[in-house]
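First comes the structure, then the notes that go with it.
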Amino acid sequence: MPDQSANPDIGRDITVLVPAYQCASQLSDHSKTLQRYRKLGCSVIWVVSPSPDGSEKLAQTICQETGDAFLLSPPGLYESWNFGITRVSTEFLAVSTIGDFYLNDNLLAMAKLLKELSADVCFTPPSFEGLSENQIRGFGSWPVFTYARQLEPFSGKICPMQLLIAAQLSGGLSCLLGSWASNLARTAAMKPWPFPLNFGHYGDTAWFYQQMLDLRVAFLKDPVSLFRFHPQPSSRKGSPELAVLHYRQLQIELFRRARPRGLWLKDTFRFYRRYYSTLYILNKNRGPHPKRFWWLIPKNWVLRLMRNWRHSQFLKWCENWNFPRQTFDFLS
76 MPDQSANPDI GRDITVLVPA YQCASQLSDH SKTLQRYRKL GCSVIWVVSP
126 SPDGSEKLAQ TICQETGDAF LLSPPGLYES WNFGITRVST EFLAVSTIGD
176 FYLNDNLLAM AKLLKELSAD VCFTPPSFEG LSENQIRGFG SWPVFTYARQ
226 LEPFSGKICP MQLLIAAQLS GGLSCLLGSW ASNLARTAAM KPWPFPLNFG
276 HYGDTAWFYQ QMLDLRVAFL KDPVSLFRFH PQPSSRKGSP ELAVLHYRQL
326 QIELFRRARP RGLWLKDTFR FYRRYYSTLY ILNKNRGPHP KRFWWLIPKN
376 WVLRLMRNWR HSQFLKWCEN WNFPRQTFDF LS
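So this is what it looks like as structure tokens:
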């Protein structure tokens, strides 16, 4: 890991955004976990939407006590993120979602890495707490964990663009960057390209699909934050058909832009075509309101086996692929 003590003032280059809505009972505890970064000179901006439980009033009181900045944001998940990002004046920014606590001072190491590599985003795998066994299995399928072995050689380096493309395509609508509470980004890379608002709660995934070819992405294998399960309101849950449609739109645009840059990977496309065709049929059979034990129907069970096998084959292919083991610029 980079030596974060080399620059004790690097914390002044970081702003921690704290978006909040309808979570008054958690605000005080979350504020306490930010104290380590206040002491390191980081700026903290609370971006709070008007809430039935008065979250905005409590957040304003906390800001008066701590000296943090307070912004009353428009309603909406990514609307509030985008609103907060436009107000950031430091070189780097982090998004500290309520309930996801920082475990250590690794944001400083990430900022140092972004400076050294002239990178735009640095991501880390989150730690988990308070999850059921089923939830752990679900979050364990995030690309940042599925591709842990492929990513590890690039800890502290720029990730090869080929690996980013392959991992994100196989992750579908699960973003390779994982939880944004575990990431640090260069503000100049975020302001011109806000999170899209037409992908429901997949806005951060859509953003990465749309921007990854123009980003230098660094990785650190050491966690920086503790992720907790956030139930999604029913109004933000999309149907499987809609999710797959979005996935198709995003990947088509990604392939279209990657090909002229010499990043058109025949094996990646072959994998995508096979995996996606299986996924599409499986989700179509599942439907928006699946019946109990729908997956035990023989044809669906076969499709699930095919999907999982094709995914495992792709992972093995990535392990054997000789990705460059040094840091260099894929965008030149």
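Residue numbers for the sequence shown follow the working numbering, so the first one is 76 and each next one is one higher. From the three backbone atoms N, C-alpha and C, an ideal C-beta is built for every residue, glycine too.
Rounded separation between P150 and Y96 - CA only: Distance between P150 and Y96, taken at the CA atoms: about 8 Å.
For A184, the first and last residue of its enclosing alpha helix (DSSP H): N181 to L192
Between which two residues does the beta strand (DSSP E) harbouring S300 extend? S300 to F302
Quick one: give me the first and last residue of the beta strand (DSSP E) that N258 is part of. N258 to R261
So, helix, strand or coil for L109, using DSSP? coil
Are the CB atoms of T353 and R382 within a distance shorter than 7 Å? yes
Take the Cβ of Q243 as the centre, count every other Cβ of all protein chains shown within 10 Å, and call the residue buried at 16 or more, exposed below. The residue is buried, with at least 16 neighbouring Cβ atoms inside 10 Å.
Beta-ladder partner(s) of W156, from DSSP: Answer is none; W156 lacks a bridge partner.
Buried versus exposed, by CB contacts within 10 Å (16 or more), W384: W384 is exposed by the Cβ-count criterion.
When L248, Y222, G253 and A99 are compared against L238, the one with the closest alpha-carbon: Y222
What is the DSSP secondary structure of C197, counted as helix, strand or coil? strand
Does the contact criterion of 3 or more C-beta pairs under 8 Å hold for the stretch 283 to 298 versus the stretch 155 to 174? Remark: fewer than three beta-carbon pairs, one from each stretch, lie closer than 8 Å, so the stretch 283 to 298 and the stretch 155 to 174 are not flagged as touching.
Within 10 angstroms of its Cβ, does D104 collect 16 or more other Cβ (buried), or is it exposed? exposed
Could you check whether the stretch 223 to 233 touches the stretch 113 to 133, counting it as contact only if at least three pairs of C-beta atoms, one from each stretch, sit closer than 8 Å? no
When DSSP labels each residue in this structure, what does M282 get in the three-state scheme? With the sequence shown as reference, residue 282 is identified as Trp, and Met is not the correct amino acid for it. Looking at W282 - three-state DSSP - the assignment turns out to be helix.
My output table needs one value for P308: the three-state DSSP class, helix, strand or coil. Caution is warranted here: a pLDDT of 43 is assigned to P308, below 50, making its placement in the model unreliable, and no coordinate value can be reported.
If you count every other CB in all the chains shown that lies within 10 Å of the CB of P373, and 16 or more means buried, which is it? Here P373 is exposed: its Cβ has fewer than 16 other Cβ atoms, across all protein chains shown, within 10 Å.
Going straight from the alpha carbon of T199 to that of G231, what length do you get? Rounded to the nearest angstrom, the two C-alpha atoms are 10 Å apart.
P308 to T172 span [Cα, whole Å]: Residue placement at P308 is flagged as unreliable, the pLDDT there being 43, under the threshold of 50; the coordinate-derived value follows with that caveat. Distance between the alpha carbons of P308 and T172 is about 16 Å.
DSSP-derived helix/strand/coil call for I240: If DSSP states are grouped into helix, strand and coil, I240 belongs with the helices.
Hey, would you say D143 sits closer than 7 Å to V119, going by beta carbons? yes
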